[in-house]
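Q: Take this structure first; my questions come after.
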Amino acid sequence: AFYGYDVDQTMVRIGLMNLMLHGIKIPQIENTDTLSKIYDQRYADGEYSVIMANPPFTGRIDKGGMSDKLKINGTQSELLFLVRISKMLRSGGKAAVIIPEGVLFGSSGAQKQTREILLKDNQLEAVISLPSGAFKPYTGVKTAILVFTKVEEESPTWHTEKVWFYELANDGYSLDDNRRKLAENPLPIAVDAYQNRATNTPIERKNHFYVPIDEIIKNDLDLSYNRYREIEYEEQTYEPPQDILRALFVLEDEIKIEMEELKNLIG
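Quick look at the structure:
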């Protein structure tokens with residue numbers, strides 16, 4: 016029931032051994048580039064019911080060997096992997112993919128095309144914003160998790176009605192290179208909020224909230240959490256300038272007295 020693909024032969028071997036150690040006697044991990052024309056020749060689209068992926072960030076693909084099915088105007092690997100994952104899903108299949116946050120709001124044609132595929136061909140269910148440092152010490156890039164369900168390939172209409180947004184403060188570990196385990200783990204809270212999002216999501220856009228597709232379209236398909244979050248402003252109160260100035264004069268007089276005492280002590 017489990018399949019995997021990786022371009023790194025060493026990672027393939029590690030993955031195969033891991034599966035065998037966990038009782039899967041005939042593991043199926045292929046040393047294949049899923050963005051290539053070779054993948055198209057060997058495998059069909061719409062094969063998988065569940066896909067989980069953490070594709071490479073900020074890479075670029077050689078157009079010569081790139082699949083002709085990945086119809087976006089760009090060679091950024093994180094975008095191409097999203098398009099490929101969408102094509103690999105069967106109708107009703109679900110994916111959870113970690114992506115760099117720039118994918119959510121970038122203004123290039125390829126980035127907008129990719130977001131349109133996510134919102135049209137799929138029902139984009141959730142955008143979960145992860146904190147910077149979640150993948151340290153390997154990278155400090157701020158990331159997000161996309162959860163979506165396949166509906167229709169090359170759909171002319173929007174199959175997403177609304178998107179659920181959630182911000183994760185941390186993953187239970189410190190966000191520095193040491194990655195120390197923290198006393199509190201917010202992951203179970205996030206899972207509970209996701210599972211009960213249909214009935215337990217507040218109207219106020221603070222930690223988690225829904226955004227309708229019409230609003231997302233008006234915002235140029237921007238899917239970043241901070242675009243729609245309500246920013247709370249705390250009103251600051253200050254003492255009148257006259258009172259502050261009087262306090263400064265009093266403080267200055269106290270300093271002069273203490274300086275005189277110090278001068279007398281040292282002669």
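To convert, count from 1 in the sequence shown and add 15; that's this note's numbering. We put the CB at the ideal spot given by N, CA and C, even for glycine.
Roughly how many angstroms separate the alpha carbons of L238 and N200, rounded to a whole number?
A: Near 26 Å, if we compare the C-alpha coordinates of N200 and L238.
Q: Quick one: Cα of G79 to Cα of K52, how far?
A: Their backbone Cα atoms lie some 9 Å apart in a straight line.
Q: Quick one, which of F120, L119 and G124 has its alpha-carbon nearest T90's?
A: Minimum Cα distance to T90 is reached at G124.
Q: Less than 8 Å separating the beta-carbons of E140 and F163?
A: For E140 and F163, yes; Cβs fall inside 8 Å.
Q: Taking 7 Å as the limit between beta carbons, can you name the residues of its chain near G107, skipping five residues before and five after?
A: Counting only Cβ-Cβ distances below 7 Å, and skipping sequence neighbours, we find T164 and K165.
Q: With DSSP as the reference, label T241 as helix, strand or coil.
A: Residue 241 is actually Asn in this sequence, not Thr. Here N241 sits in helix by DSSP.
Q: Are T158 and P115 close, meaning C-beta to C-beta below 8 Å?
A: Cβ distance < 8 Å, so T158 and P115 count as in contact.
Q: Considering only residues of the segment 193-259, which uninterrupted beta strand (DSSP E) runs meet the minimum length of 3 residues and lie entirely inside it, listed in chain order?
A: Segments of the beta strand (DSSP E) lying fully in the segment 193-259: 223-227.
Q: Is A184 helix, strand or coil when you go by DSSP?
A: Residue state, collapsed to three classes: coil.
Q: Shortest alpha-carbon distance to L161 belongs to which of E273, T129 and L263?
A: Looking at the Cα atoms, T129 is the closest of the given residues.
Q: Whose CA, out of L202, K135, F150 and R194, lies closest to the CA of T175?
A: Selected option, being the one with the closest Cα: K135.
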